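Below you'll find the structure, written out as structure tokens, and then a few comments.
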Amino acid sequence: MTDLHAAAKRCLEAADPAEKLRLTHETWQAFRAGEWRADPASPPPEPIGPPGRPAKPQLVNARQLPQRGLGSEAGRVALVHAVAHIEFNAINLAWDAVYRFRGMPADYYRDWASCAHDEARHFALLSDRLAELGHAYGDFDAHDGLWAMAEKTADSDTARMALVPRVLEARGLDVTPGMIERLRGLGDERTVAILEVILREEVAHVAAGTRWYLYCCERDNLDPIETFFTLLRDYMGVSLRGPFNRPARLEAGFVEEELDRLAALAPTG
Numbered sequence: 003m004t005d006l007h008a009a010a011k012r013c014l015e016a017a018d019p020a021e022k023l024r025l026t027h028e029t030w031q032a033f034r035a036g037e038w039r040a041d042p043a044s045p046p047p048e049p050i051g052p053p054g055r056p057a058k059p060q061l062v063n064a065r066q067l068p069q070r071g072l073g074s075e076a077g078r079v080a081l082v083h084a085v086a087h088i089e090f091n092a093i094n095l096a097w098d099a100v101y102r103f104r105g106m107p108a109d110y111y112r113d114w115a116s117c118a119h120d121e122a123r124h125f126a127l128l129s130d131r132l133a134e135l136g137h138a139y140g141d142f143d144a145h146d147g148l149w150a151m152a153e154k155t156a157d158s159d160t161a162r163m164a165l166v167p168r169v170l171e172a173r174g175l176d177v178t179p180g181m182i183e184r185l186r187g188l189g190d191e192r193t194v195a196i197l198e199v200i201l202r203e204e205v206a207h208v209a210a211g212t213r214w215y216l217y218c219c220e221r222d223n224l225d226p227i228e229t230f231f232t233l234l235r236d237y238m239g240v241s242l243r244g245p246f247n248r249p250a251r252l253e254a255g256f257v258e259e260e261l262d263r264l265a266a267l268a269p270t271g
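The working numbering applies: residue 3 is where the sequence shown begins, and numbers increase by one.
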């Protein structure tokens, strides 16, 4: 067998999107076939740094990104590009979860390798849609908020599981239904179909975050609800926005008490 951590590192470091997708799909298929395993003798992870990514898009502060309405074709293209950027980051986040955190159960590595495979499919769907619209990934500026949180949580699997899937990625569960509704009203059924696939599969990805966050809390004898809100405060302050998609978040493993407390913390504007 070959070391899964080393394979995850190769996927993480690939800068060309096509190469990252190829390696991701090959690694997932080989893992499913039993050709890879998380080797306890693998060298320890290197300090986290920027993942492999193309020279474009240019990464800027989120406040510098223009606000474009979905009523224009330019706005719709910018939306597809923004979601593609999220999915590209999500490939790297999943592989970093495999590479960085050692000594976890085999199902942990299966969950995040599977997630990387899903995110790569999502990115490919969105890249194809961008091509149909006359554009490509990298044509618009983007921000680096997802990876910045990966760097902040590189020394804690508990914080990573709490804050990346259950906060940043879970935001997609909240906002995607509204995007679907607006795009359907504009007759963009092609983009709607892609977003519906992503929304359905992202519930399972957030659920994986919940599952392994709860595992970490049980392992370390931590109260999961109090720890979640402590981590939110320590890493993010109160920079949350609502409203929250309660049905999807409940399906993804949140409990009512968490959602009530999140709603009390976050403005709905």
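Don't be surprised by glycine CBs; every beta carbon is placed ideally from N, CA and C.
Source: prediction; values computed, not measured.
- With a 10 Å radius around the Cβ and a threshold of 16 neighbouring Cβ atoms, Ser74 comes out exposed.
- Put simply, of Glu134, Ala108, Leu132, Ala92 the residue whose alpha carbon is nearest the alpha carbon of Glu171 is Ala92.
- In this structure, the beta-carbon distance from Trp114 to Ala126 does not fall below 8 Å.
- Following the DSSP letters along the chain, one finds Asn223 in no alpha helix (DSSP H), marked with neither H nor E.
- Taking the C-beta atoms as reference points, Leu6 is found nearer than 8 Å to Ala40.
- For the pair of segments examined, the region 132-142 was found not to touch the region 225-241: the number of CB pairs separated by less than 8 Å stays below three.
- Around Leu148, the same chain offers Asn91, Leu170 as residues with beta carbons nearer than 6 Å, after the five sequence neighbours per side are excluded.
- By the neighbour-count criterion, in which a residue is buried when 16 or more other Cβ atoms sit within 10 angstroms of its Cβ, Lys58 is exposed.
- In the displayed model, Arg39 falls within a strand according to three-state DSSP.
- For Ala32, the enclosing alpha helix (DSSP H) begins and ends at 19-34.
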